[in-house]
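Listed in order, the protein sequences are those of chains A and B.
Whatever position you read off the first sequence (first residue = 1), add 3 for my numbering.
Whatever position you read off the second sequence (first residue = 1), add 1322 for my numbering.
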Amino acid sequence: MAEAGESWRGWLEEHGRALVLLARQWVPTHADAEDVVQEAFVRCWRSRDRAREPVPYLFASVRRCALDWQRSRQRQARREQAAARPEAEPLLASGVEQDERRQAIEAALRELPIEQAEVLVMRIWGGLSVPQIAAALEAPVNTVASRYRYALARLREQLAEESIR
Amino acid sequence: MNDEIDSLEAELAALAPRDLSPQLAGRIAAELEQEGPAPLRRWRLGQVLAAIAVGAVAASAVAAAWLWRNDQRTAQADSPAAPIALPVATAFDPALPSVWTFRRAADEPAGQLDGLLDRHSGRTRLEQPHYVQIRGFGASDVERNDLLGEL
């Protein structure tokens, strides 16, 4: 990961929170998401010289690990328990005055199809460009751009409905 | 994307994801230190070992080919079917200055021996001009008899 320097700590500082947020799209708790990030991060760091684009490679690795985690039958029970209380752990950080808005955004984010949510997380909080997301997802750029537009439109609709209530 | 969506993007970006737990960095550090930078080195070491293995295989192939070729040559040389190039017998060629030739010429009259010597010295002179012609006997039997008479 030449562009991130040789310090993995700097790399973790820069991308860690977005990576955990991405993992949370499949994993119910923050702690589990950190486990996923840890596994993906270590793997990526060790093989960083082989990656043509390190940052998309990192996000792709976290996504893959999170999917593996989700598929794992050993964690089935924990996932179901956590799914029973999805609002227990917030996804985003905010000040007290923004807490209601944050909850509304998180609720809207949870309602998004996973294909749209992952693109949104990588774009907004991961800071990846659309081509980088396309590389991470191994999907066409136009598809990624469409998913991003749909995600924003859907969020906007849900937040508008929320504000009407 | 219109302005409304842009403002939504800005609002979303203003909400940072949750902070990482302080333990995460420590766990990653422990895991990385457990094997150190070995994975990368291991990968490179793997490449080096692969290169060495390929080199060893190539060297073995070359050595095997060389040995096989040598064996073929030896087999050809040892083979009874292989034609043996026998040296041409030149010892009894009167045209050459051999011991046999001179012994025969010594039994002939002296003129013939001188002629033989002249012939061979002339040949030597043509082939190696820095050699000097030497006469061993007189030009005729008369001269030889005169010489023997003096002795």
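Yeah, the Cβ is synthetic: ideal placement off N, Cα and C, and Gly gets one too.
Since the model is a prediction, treat every value here as computed from it, not as a measurement.
Residue state for B:LEU1439 is assigned as helix, using DSSP reduced to three classes. Annotation for A:PRO116: no alpha helix (DSSP H) segment contains it, and DSSP assigns it neither H nor E.
Using a Cβ distance threshold of 9 Å, A:LEU123 and A:LEU155 count as a contacting pair. By alpha-carbon distance to B:GLU1355, the top candidate from A:ILE127, A:GLU118, A:TRP11 is A:TRP11. In summary, the residues of the segment 25–49 of chain A whose CB is separated from some CB of chain B by less than 8 Å are HIS33, ALA34, GLU37, VAL40, GLN41, PHE44, VAL45, TRP48, ARG49, in the order they occur in the chain. Here A:LEU131 carries a coil assignment [DSSP, helix/strand/coil]. The straight-line gap separating the alpha-carbon atoms of B:GLU1333 and A:LEU112 is approximately 13 Å.
With contact defined as three or more Cβ pairs closer than 8 Å, the segment 39–47 of chain A and the segment 22–29 of chain A are in contact. Taking a Cβ-Cβ cut-off of 9 Å, the neighbours of B:LEU1330 in chain A comprise LEU155, LEU158, ARG159, LEU162, given in sequence order. Take the alpha-carbon of B:ALA1373 and the one of B:ALA1385: they are about 18 Å apart.
Taking CB atoms only, A:TRP128 has a neighbour in chain B less than 9 Å away. DSSP lists B:PRO1339 as the bridge partner or partners of A:LEU95. Look at A:VAL144 here: in three-state DSSP terms it is helix. Looking only at A:ARG104, A:ASP52, A:ALA138, the smallest Cα-Cα distance to A:ARG159 is reached by A:ARG104.
Interface residue (Cβ-Cβ distance to chain B less than 9 Å): A:LEU95 is classified as such. Judged by DSSP in its simplified three-state form, A:GLU56 adopts coil rather than helix or strand. Looking at the backbone, the Cα of A:PRO143 and that of A:ALA137 are separated by about 6 Å.
Under the three-state reduction of DSSP output, B:GLU1430 falls in the coil class, being neither helix nor strand.
In the three-state reduction of the DSSP assignment, B:ALA1417 falls in the coil class. At a cut-off of 9 Å between beta-carbon atoms, A:GLN101 makes contact with chain B. In the DSSP annotation of this structure, the continuous segment of the alpha helix (DSSP H) that includes A:ARG46 starts and ends at 33–49. Scanning its chain for C-beta atoms nearer than 8 Å, with the 5 sequence neighbours on each side dropped, one finds around A:CYS47 the residues MET4, ALA54, PRO57, TYR60, LEU61, SER64, in chain order. In the structure shown, the three-state DSSP call for B:VAL1370 is helix.
Note on B:GLN1434: under 16 other CB atoms within 10 angstroms of its CB, so exposed under the neighbour-count rule. Between B:ARG1340 and A:HIS18, the gap from beta carbon to beta carbon reaches 9 Å or more.
C-alpha of A:GLU92 to C-alpha of B:GLY1348: approximately 22 Å in a straight line. In the structure shown, A:TRP29 falls within a coil segment according to DSSP collapsed to helix, strand and coil. For the segment 1332–1353 of chain B, the residues whose beta carbon sits under 9 Å from a beta carbon of chain A are, in order, GLU1333, LEU1334, ALA1335, ALA1336, LEU1337, ALA1338, PRO1339, ARG1340, ASP1341, LEU1342, SER1343, GLN1345, LEU1346, ALA1347, ARG1349, ILE1350, ALA1351, GLU1353.
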